[in-house]
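Participant: For the sequence shown, full-length UniProt numbering assigns the number 1 to the initial residue and increments by one for each residue that follows.
Have a look at the structure that comes next, please.
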Amino acid sequence: MALLGGHLAFIFGVLGNIISFIVFLSPLPTFYQIRKKKSAEGYQSIPYVIALFSSVLWIYYALLKSNATLLITINSFGCFIETIYVSFYIYYATKKARVQTLKMLILTVFVGFGAVVLVSQFLFKGAVRAQVVGWVCLVFSLCVFVAPLCIVRQVIKTKSVENMPILLSVFLTFSAVIWFFYGLLLKDVNIAVPNVLGFFFSILQMVLYMVYKEKKKSIDDGKKLPEQVLVPQKGQPPVVLVLESDGKITAAGSELITQEQLADIVKLGSLIRSDKIRFETVNEQAATEVQIAIPAAGCVAVN
């Protein structure tokens, strides 16, 4: 029976390594958006700093335990990838966010981990040392699951899930289940317990994401772009102007828009937010592009 439990623990450990590998890579889309925007504004570094600290602690705990190779392998990769994430965030963060991240990094990874090592080495021995470090790992494992919740307040306030790393929450859920059974089979409470709470925290984040994603979708579906029908010349069909979301005005209903009709665009002046708009006719055979400058006095100049 013990042999079977050992084999099952190894299988769940391998599965845990695979799922955790995906968990560590799941924030890549988030950092792609940061790279694309060239700004980390709106994003939080807390989850990545805490994850880095947790990985370092688990490596130390695994070194104090026997037969914990699978913990060492995945957390070594975690240290590597989380260091990249934190460095990437610091590079694109604002000055204030950069300073806060550096302070948190020094306080946790350097001061915090150093304190854990010193206290455990000088005050505890043998199995007690491993148990104490395990308790510390348990606490910060919970922090890894709770850390993304710092975005929850922002999501509720803005009613937007743009900055919520949903992939991280999804894979954390799978990871929590796998590592729970791994800890249960090894009879290691420090591994099993945090993953129980981690499972519920991750489910909460996914529920929140779905709720506000649907709200955003319903709001977007309810939006209608303003339209205005221009008075056509004799013998010509009506011309419908539509103000697109990107500031472009498209016209449909005639093959060619005359200057008299272009002048009527001033009627949309209250809808125009920029100094210049792009105007084009929707027609398969012919299209006209003009730049319309709207002076402060309210006159229209057609180029």
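By construction, the Cβ of each residue, glycine as well, lies at the ideal position given by its N, Cα and C atoms.
From a predicted model like this one, the values you see are computed outputs, not experimental measurements.
Buried or exposed, going by whether 16 or more other CB atoms sit within 10 Å of the CB of TYR32?
Facilitator: Residue numbering aside, residue 32 sits at position 32 when the sequence shown is read from its first letter. The residue is exposed, with fewer than 16 neighbouring Cβ atoms inside 10 Å.
Participant: Can you tell me whether TYR91 is buried or exposed, with buried defined as 16 or more other CB within 10 angstroms of its CB?
Facilitator: Counting from 1 along the sequence shown, the entry for residue 91 is found at position 91. Counting the other CB atoms within 10 Å of its CB gives TYR91 a total below 16, which places it among the exposed residues.
Participant: Span of the alpha helix (DSSP H) holding GLU82?
Facilitator: Within the sequence shown, numbered from 1, the residue matching residue 82 stands at position 82. 69-92 is the span of the alpha helix (DSSP H), which, as asked, contains GLU82.
Participant: Span of the alpha helix (DSSP H) holding TYR32?
Facilitator: What you label residue 32 is simply residue 32 of the sequence shown in a count that begins at 1. TYR32 -> alpha helix (DSSP H) spans 28-37.
Participant: What is the rounded straight-line gap between the Cα of LEU8 and the Cα of GLY134?
Facilitator: Taking the sequence shown and counting its residues from 1, one reaches residue 8 at position 8. Taking the sequence shown and counting its residues from 1, one reaches residue 134 at position 134. Taking the straight line from one Cα to the other gives about 22 angstroms.
Participant: Tell me the rounded alpha-carbon separation between MET210 and VAL119.
Facilitator: Translated into the one-based positions of the sequence shown, residue 210 becomes position 210. Translated into the one-based positions of the sequence shown, residue 119 becomes position 119. MET210 and VAL119: Cα-Cα distance of roughly 44 angstroms.
Participant: For the candidate residues GLN154, LYS159, ILE74 and LEU204, whose alpha-carbon lies nearest to that of ILE59?
Facilitator: Counting from one through the sequence shown, the residue named residue 59 turns up at place 59. The shortest C-alpha separation from ILE59 is found at ILE74.
Participant: In chain order, what residues of the same chain lie with their CB nearer than 7 angstroms to the CB of SER39, ignoring the 5 residues before and after it?
Facilitator: Taking the first residue of the sequence shown as position 1, residue 39 is located at position 39. Result list for SER39: TYR92, in chain order.
Participant: Starting from the C-beta of ILE11, find all residues in its chain whose C-beta is less than 8 angstroms away, skip the five residues before and the five after it, and write them out in chain order.
Facilitator: Against the sequence shown, residue 11 aligns to sequence position 11. Excluding residues within five positions, none has a Cβ falling inside 8 angstroms.
Participant: If I'm right that LEU167 touches PRO29 with Cβ under 8 angstroms, what's the distance once you round it to whole angstroms?
Facilitator: Locating residue 167 in the sequence shown gives position 167, counting from the first residue. Locating residue 29 in the sequence shown gives position 29, counting from the first residue. So it is a contact: roughly 6 angstroms between Cβ atoms.
Participant: What does the Cβ neighbour count give for GLN205, buried or exposed, with the cut at 16 atoms within 10 Å?
Facilitator: If you number the sequence shown from 1, residue 205 lands on position 205. Buried is the call here.
Participant: Can you tell me where the alpha helix (DSSP H) with LEU138 in it begins and where it stops?
Facilitator: Here residue 138 refers to the residue found at position 138 of the sequence shown. That run of the alpha helix (DSSP H) goes 126-146.
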